[in-house]
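Notes follow once the structure below has been shown.
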Amino acid sequence: MNNNTRVYRMSFASVYPHYIQKAEKKGRTKAEVDEIIFWLTGYDQQTLQQHIDNKTDFETFFAQAPQINPNVSKITGVICGYRVEEIEDQLIQKVRYLDKLIDELAKGKAIEKILRK
Numbered sequence: 759m760n761n762n763t764r765v766y767r768m769s770f771a772s773v774y775p776h777y778i779q780k781a782e783k784k785g786r787t788k789a790e791v792d793e794i795i796f797w798l799t800g801y802d803q804q805t806l807q808q809h810i811d812n813k814t815d816f817e818t819f820f821a822q823a824p825q826i827n828p829n830v831s832k833i834t835g836v837i838c839g840y841r842v843e844e845i846e847d848q849l850i851q852k853v854r855y856l857d858k859l860i861d862e863l864a865k866g867k868a869i870e871k872i873l874r875k
């Protein structure tokens, strides 16, 4: 099983607390983490919570996303040693987009900038 397959099967719920923890350690909030997730996926509080409760895997989480934000192409740069704009695997790219946005939040970037407004 390669690294990508592991990510596909990982539950979103298992990673979500880490996103929040990473943000809160830097003085940001769960609400901001959620706002980023809503922006990226089109989920709202209720549908996000359902995925967390159901322990949905990343593959399903992104496959069922109501609307991947059209501005994701503006997310560029390196995360985990990869340029996000060059990742060929669509799912892995979406997961890395999310990682990158949470990273920017933790680094103190303004939410407007993170959401590519």
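Positions 759 to 875 (the numbering used here) are the ones given, in order, by the sequence shown. Don't be surprised by glycine CBs; every beta carbon is placed ideally from N, CA and C.
Assess contact between the segment 780–789 and the segment 851–870, defined as three or more Cβ pairs (one per stretch) separated by less than 8 angstroms. Is contact present? yes
Check D861 in the structure and name its three-state DSSP category. helix
If contact is defined by three or more beta carbon pairs under 8 angstroms, each pair taking one atom from either stretch, is the segment 759–772 in contact with the segment 832–842? no
With distances taken between CB atoms, is the gap from L856 to Y777 smaller than 9 angstroms? yes
Would DSSP call I810 helix, strand or coil? helix
Just to confirm before moving on: does the CB-CB distance between T805 and I826 stay below 9 angstroms? no
Three-state secondary structure (DSSP) at D815? strand
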